[in-house]
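Residue numbers (the working numbering): 392 to 743. Virtual Cβ for every residue (Gly too), placed ideally from N, Cα, C. Note that the structure is a prediction, hence the values are computed from the model and not measured. Here is the structure we will look at, set down as structure tokens.
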């Protein structure tokens with residue numbers, strides 16, 4: 392049995408094209424030339440008002456969208472902001488949430504671009520990917536934990552949590568030194584004196600500053616740093632798990648561990664559970680970031696909160712201001728960190 396085709400204005404409606412709608416399909420459906428459709432899309436003169444309304448209704452019905460590249464060639468602007476990340480992990484996804492907050496109501500669109508987490512290509516990934524998107528797909532970009540800060544492209548760039556080295560780019564970071572001190576001071580207040588650390592990536596300035604905060608807090612308490620109690624975790628779960636196991640299996644293990652990020656702290660909790668060490672009864676653990684997963688851990692993780700979502704928000708606002716030609720009141724913004732106490736820390740106990 393044949394089914395009837397819905398009628399529009401007394402005539403059967405053609406099936407909506409599948410896939411990406413082209414300008415040629417719009418022209419055929421509207422019964423006009425491609426040049427007329429182009430004039431309507433670009434708001435040019437020479438199209439009667441009735442024709443303009445008719446073509447516009449066809450565009451809306453078919454869902455036609457000009458490509459970003461075509462828009463940039465036509466207008467020299469795309470009204471799109473890019474967020475470039477090495478990989479989609481908890482930190483970068485929180486930055487993306489903040490970027491989405493910032494573009495709301497601005498007229499800009501947001502596109503996220505990942506380097507695919509190629510850990511063997513840590514250095515220089517942003518140069519390659521900026522060259523692909525800047526000027527054709529996006530008007531400017533937010534770089535999340537970029538490995539280099541001397542990138543120069545035809546458009547503004549703001550860096551979030553940049554790697555080591557000075558930067559001519561606008562940057563947004565958290566107060567990592569302050570946060571490292573807060574974590575260790577909390578453990579000292581609980582009576583811990585033998586405090587280990589699972590460190591971060593050596594190429595990240597934030598990792599160096601968190602370790603510096605650890606060292607400063609111990610020095611302020613009159614305690615010498617035992618270098619054997621620092622193990623590299625690289626901000627990644629597997630290296631961090633190995634680092635935690637190394638700390639917890641020495642002859643005189645620490646009673647507390649400060650991990651340089653929450654992923655490392657969560658891996659430390661797992662290592663402790665595998666070794667039969669109770670947290671917080673026998674071991675206290677503090678992380679850094681306050682990603683959503685930290686509150687869901689068993690036990691819930693005590694951590695230093697860096698305002699990641701706010702960092703994404705502020706970086707995007709700075710980027711939009713630069714795109715609009717506005718002068719930034721400051722190009723290097725540092726946001727405070729705070730301690731969030733949960734159930735993974737307690738007064739120093741007996742490790743028997």
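Spatial neighbours of residue i in its chain, beta-carbon cut-off 6 Å, leaving aside the 5 residues before and after
{"i": "residue 722", "result": "561"}
{"i": "residue 631", "result": "589, 624, 655 and 658"}
{"i": "residue 356", "result": "With the chain represented from 392 up to 743, any question about residue 356 goes unanswered, as that position is not in the structure."}
{"i": "residue 731", "result": "681, 694 and 696"}
{"i": "residue 443", "result": "431"}
{"i": "residue 496", "result": "none"}
{"i": "residue 609", "result": "616"}
{"i": "residue 414", "result": "425 and 428"}
{"i": "residue 559", "result": "none"}
N- and C-terminal bounds of the beta strand (DSSP E) containing residue i
{"i": "residue 729", "result": "729–731"}
{"i": "residue 500", "result": "500–505"}
{"i": "residue 678", "result": "675–680"}
{"i": "residue 745", "result": "With the chain covering 392 to 743 only, the question about residue 745 has no answer from this structure."}
{"i": "residue 726", "result": "723–726"}
Boundaries of the alpha helix (DSSP H) in which residue i is found, first to last residue
{"i": "residue 696", "result": "It is not in any alpha helix (DSSP H) - residue 696 instead sits in the beta strand (DSSP E) that spans 693–696."}
{"i": "residue 710", "result": "699–714"}
{"i": "residue 488", "result": "481–494"}
{"i": "residue 538", "result": "Segment: none, residue 538 is in no alpha helix (DSSP H) and carries neither H nor E."}
{"i": "residue 683", "result": "683–687"}
Under 9 Å between C-beta atoms of residue i and residue j
{"i": "residue 664", "j": "residue 589", "result": "no"}
{"i": "residue 700", "j": "residue 489", "result": "yes"}
{"i": "residue 474", "j": "residue 707", "result": "yes"}
{"i": "residue 601", "j": "residue 571", "result": "yes"}
{"i": "residue 454", "j": "residue 502", "result": "no"}
{"i": "residue 587", "j": "residue 628", "result": "no"}
{"i": "residue 483", "j": "residue 535", "result": "yes"}
{"i": "residue 553", "j": "residue 531", "result": "no"}
{"i": "residue 563", "j": "residue 725", "result": "yes"}
{"i": "residue 491", "j": "residue 578", "result": "no"}
{"i": "residue 519", "j": "residue 739", "result": "no"}
{"i": "residue 449", "j": "residue 485", "result": "no"}
Per DSSP, cross-strand counterpart(s) of residue i
{"i": "residue 438", "result": "Paired residue(s): none; residue 438 is not in a bridge."}
{"i": "residue 472", "result": "501 and 531"}
{"i": "residue 551", "result": "535 and 563"}
{"i": "residue 414", "result": "For residue 414, which the question treats as bridged, DSSP gives no partner whatsoever."}
Proximal residues to residue i (C-beta, below 7 Å), its chain only, five neighbours per side dropped
{"i": "residue 510", "result": "Any reading at residue 510 needs caution, since the residue's pLDDT is 46, under 50, leaving its predicted position unreliable; the model's value is listed next. Contacts found: none."}
{"i": "residue 712", "result": "719"}
{"i": "residue 573", "result": "695, 728 and 730"}
{"i": "residue 568", "result": "600, 603 and 604"}
{"i": "residue 662", "result": "632, 635, 636 and 639"}
{"i": "residue 487", "result": "474, 503 and 703"}
Other residues of its chain near residue i: CB distance less than 8 Å, five sequence neighbours each side excluded
{"i": "residue 438", "result": "427, 430, 431 and 446"}
{"i": "residue 653", "result": "481, 678, 679, 680, 681, 682, 684, 685, 692 and 694"}
{"i": "residue 494", "result": "472, 500, 501, 707 and 711"}
{"i": "residue 580", "result": "none"}
{"i": "residue 424", "result": "418"}
{"i": "residue 733", "result": "685, 686, 690, 691, 692, 693 and 694"}
{"i": "residue 507", "result": "478"}
Chain D contact for residue i (CB, 9 Å cutoff)
{"i": "residue 734", "result": "Within the model displayed, chain D is absent; a lone protein chain is all it includes."}
Item to complete: Scan the segment 581–650 and note each continuous beta strand (DSSP E) run of 3 residues or more that stays entirely inside, going in chain order.
Response: 586–590, 621–623 and 647–650
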